[in-house]
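Here's the structure, in structure tokens; my notes come after.
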């Protein structure tokens, strides 16, 4: 799986580096994929884009949270990784007028606020410090960059290094907290070529945002797997213009890998995830 070239080589490729650093720049850097003017909706459709039924279901969940909290005067709805605000817009439209009047809607996104967004929506780079209501992360965690590990011919898990053209080679052995995470959540056997995405940054990211929910509910919806069904070669891939493509960290495509949601849930101390 290593040493192969994926995509078109640039004239001056950067030195190979771990997938986490490469994806961070390719997705969220100054010229990153998620800062492109067309937005992610120009390349792929999530449940938010596919049907109003999804935003309607989230609005229903928000109303259940509202009732459980005793219908507070101010009810927060936080849309993590909001894209261009499609979900928060749909939720506001689906809510009864009385509930919508009490909602404080937040869209959390690294890109600039899009033109024409409902003026009620607060556009932020991070969630509010204290949330009373619902934090909803739809297909966010799969875009939190992670390093990739691969077992070498001696049975040692090593970091996979990638050039900006997508070509890969093996680097140093996985050590420290990353090695501990693999041992607990995604043990790699001795078979050469076995791969895993090291989900520790996602665990920490989820725990950080979920901890801001003082009263209410935090929900993550994503492509995922659990310890009883880890993919043997990982799931890292790319998407461009509506089609799956080789993952090349050059800013022209989305880079995504399925989430070890059981590890994320444990990091936050919440119930284990359910498959839908």
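In the numbering used here, the protein residues as written are 1 to 276.
Glycine included, every Cβ here is placed at the ideal spot set by N, Cα and C.
Nothing here was measured: the structure is a model prediction, and the numbers come from that model.
Closest by C-alpha distance to residue 266, out of 211, 100, 231, is 211. The alpha-carbon separation between residue 69 and residue 56 amounts to approximately 20 Å.
For residue 62, the closest of 82, 204, 33, 92 by C-alpha to C-alpha distance is 92. Rounded to the nearest angstrom, the gap between the Cα atoms of residue 117 and residue 26 is 26 Å. Assignment of beta-bridge partners to residue 173 by DSSP yields 158. Residue nearest to residue 156 within the set 234, 192, 138 is 192 (criterion: CA-CA distance). With a beta-carbon spacing of about 5 Å, residue 149 and residue 174 fall inside the 8 Å limit used to define contacts. The C-alpha of residue 96 is placed about 15 Å away from the C-alpha of residue 53. Three or more beta-carbon pairs drawn from the segment 101-119 and the segment 69-89 are found closer than 8 Å, and the two stretches are therefore classed as touching. Excluding the 5 residues flanking it on each side, residue 215 has same chain C-beta neighbours closer than 7 Å at 69, 132, in chain order. For residue 66, no beta strand (DSSP E) segment is defined; the enclosing uninterrupted segment is the alpha helix (DSSP H) at 52-68. Here DSSP, grouped into helix, strand and coil, assigns residue 217 to strand. Rounded to the nearest angstrom, the gap between the Cα atoms of residue 119 and residue 100 is 13 Å. Inside the segment 199-267, DSSP marks whole alpha helix (DSSP H) runs of 4 or more residues at positions 200-210, from first to last along the chain. Contact annotation: the segment 132-141 touches the segment 217-224, with at least three C-beta pairs closer than 8 Å. Residue burial annotation: residue 203 is buried, with at least 16 other C-beta atoms found within 10 angstroms of its C-beta.
In the three-state reduction of the DSSP assignment, residue 118 falls in the coil class, being assigned neither a helical nor a strand state. By the Cβ neighbour-count rule, residue 234 is buried, with 16 or more other Cβ atoms within 10 Å of its own.
Taking residue 205 as the centre and dropping the five residues before and after it, the same chain places the C-beta of 144 closer than 6 Å to its C-beta, in chain order. Comparing C-alpha distances from residue 128 to each of 89, 80, 22 shows the shortest one belongs to 80. With 16 or more other Cβ atoms inside 10 Å of its own Cβ, residue 198 counts as buried.
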